[in-house]
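Q: Heads up: the sequence shown is residues 3 to 324, going by our numbering. Take a look at the following structure, please.
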Amino acid sequence: MFQSFTDSILGTSSTVPKSESDDFQDAVEDEVDSEVTFDVAKEEVSLIRADIATAYPEDYTFLSDDYITSVASKPYSKDTSVRRPIEYTTEKLKDLMKWREENAVDLPNLLELITREEGEDSELMTKASALAVSLNYGFLYWHGLDIEGRPVLWIRTDRMPWYPDIQAQVNALILIADMGITLMPEGVTDFVVVSDSSSPPPPNPQFMMNLLSALVKGYPDRLHELVSCPVGSIIQFVMKLLLPLMPSRLASKIILIGQEQSKEKLGQFLLNGEDDIPEFLGGKADHDQYYPKEGMFPDKTLKFDIYGMKERLQAAIEANKK
């Protein structure tokens, strides 16, 4: 199994269209492994936003002023002693918006189709049904915040299918990610991921590469930290292959820890400390009351309580402002 996964990962670039492979490589090379940032004037942010709004009038509000400032403040990859030029930042964000136009913008329409539980037997309905199946696994959801007010995205690998519909699973990830990002309060531009990696399914190379591509091209500078625990041989093997493909800045944000370190690490950064550690990672917080394996609505097409998840995250953000 591991050898076939290795062969697939190493041979992925030959199966990906050249334009997509080049775009991914450009995005990787654009990343600078530095914590240095530069000042960005409000007038500059306004200019960038106006340009993006003209090109993408239906989706430009997805990018907050705080996020635009964060991207614009980074060092320039061709000369790290200076800030990214405004024109360069604008094109970088337009590339992001183009990726969203191709991969993210239509997903809320699919969700609406699922929710209405009606529609003709069309290609769109087929995609919507596949999205529902992926969401219903309940392997991915937002719940709670870290000590800095960042939303926490939980991944439960033991619920992930062995033979996934790769596109539907990536669509579910994008849809969920977008929901959390749109709720981020002022001053917050990134999020934390905690992955329960105790019982992952066999690694799927195409899904792994699609996920990595989405992080690099669709959500640059969004991941603050990913904590994977407890880590076994499968996850260690997969990350050994994937880490060299990542921008160094992204790779540095992925933390692999064992069972004995999990409680201490999570207790340090979750908003309520050890009280927020879920039962499936040795804590007391009961996530299954909100995200049971069979779903909250077993008689519906969409069994996963996606709107309840959104309401709970919004309530947690509002409570943290007080």
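Think of the CB as a built atom: it goes at the ideal place given N, C-alpha and C, for glycine as much as any other residue.
Since residue 224 and residue 193 are thought to touch, with beta carbons under 8 Å apart, how far apart are those beta carbons, to the nearest angstrom?
A: Indeed they touch by this definition, with Cβ atoms about 6 Å apart.
Q: How big is the Cα-Cα spacing for residue 92 and residue 296?
A: The straight-line gap from Cα to Cα measures roughly 44 Å.
Q: If I follow the unbroken alpha helix (DSSP H) through residue 250, where does it start and stop?
A: Here the alpha helix (DSSP H) through residue 250 covers 250-253.
Q: Alpha carbon to alpha carbon, how far is residue 75 from residue 356? Give it in angstroms, no decimals.
A: An answer regarding residue 356 cannot be provided, because it is not within the stretch 3 to 324 covered by the chain.
Q: Given this structure, state the Cα-to-Cα distance separating residue 319 from residue 165, to the nearest angstrom.
A: Taking the straight line from one Cα to the other gives about 35 Å.
Q: Kindly indicate the opening and closing residues of the alpha helix (DSSP H) around residue 102.
A: Where residue 102 is concerned, the enclosing alpha helix (DSSP H) stretches over 88-105.
Q: Is it right to say residue 191 is buried, meaning 16 or more other beta carbons lie within 10 angstroms of its own, or is it exposed?
A: Burial call: buried.
Q: Of the choices 256, 135, 277, whose alpha-carbon is the least far from that of residue 265?
A: It is 277.
Q: Should residue 71 go down as buried or exposed, given a rule of 16 or more other Cβ atoms within 10 Å for buried?
A: Flag for residue 71 reads buried.
Q: Please name the residue in 202, 112, 188 whose C-alpha comes closest to that of residue 69.
A: Considering only alpha carbons, the answer is 188.
Q: Can you tell me whether residue 180 is helix, strand or coil according to DSSP?
A: Note: residue 180 maps to helix in three-state DSSP.
Q: Quick one: Cα of residue 256 to Cα of residue 245, how far?
A: So the alpha carbons of these two residues sit roughly 9 Å apart.
Q: How many angstroms separate the CA atom of residue 37 from the CA atom of residue 77?
A: Cα to Cα, residue 37 sits roughly 9 Å from residue 77.
Q: Any idea what DSSP makes of residue 165, helix, strand or coil?
A: Coil.
Q: Could you please give me the residues that DSSP links to residue 256 through a beta bridge?
A: Residue 256 pairs with 228.
Q: Going by DSSP, what residue range makes up the alpha helix (DSSP H) through residue 142?
A: Residue 142 -> not in any alpha helix (DSSP H); beta strand (DSSP E) instead, spanning 142-147.
Q: Buried or exposed, going by whether 16 or more other CB atoms sit within 10 Å of the CB of residue 249?
A: Counting Cβ neighbours within 10 Å, residue 249 comes out buried, since at least 16 surround it.
Q: Name the DSSP beta bridge partners of residue 78, please?
A: Answer by DSSP bridge pairing, in chain order: 81.
Q: Taking the alpha helix (DSSP H) that residue 236 belongs to, which residues open and close that run?
A: 235-244 is the span of the alpha helix (DSSP H), which, as asked, contains residue 236.
Q: For a test of the three-state rule: what should DSSP assign to residue 272, helix, strand or coil?
A: Strand.
Q: Does the distance from the CB of residue 218 to the CB of residue 252 come in under 9 Å?
A: It is a contact, given that the beta carbons lie within the stated cut-off.
Q: Can you tell me whether residue 192 is helix, strand or coil according to DSSP?
A: Note: residue 192 maps to coil in three-state DSSP.
Q: Would you kindly report the start and end of the unbroken beta strand (DSSP E) that includes residue 158?
A: 153-158 is the extent of the beta strand (DSSP E) around residue 158.
Q: Would you list the one or two residues that DSSP bridges to residue 287?
A: Paired residues: 280.
Q: Select from 104, 133, 105, 124 the residue whose C-alpha is nearest the C-alpha of residue 117.
A: Considering only alpha carbons, the answer is 133.
Q: Tell me residue 198's beta-bridge partners as DSSP assigns them.
A: DSSP, once it has assigned bridges, lists 158, 231 as partnering residue 198.
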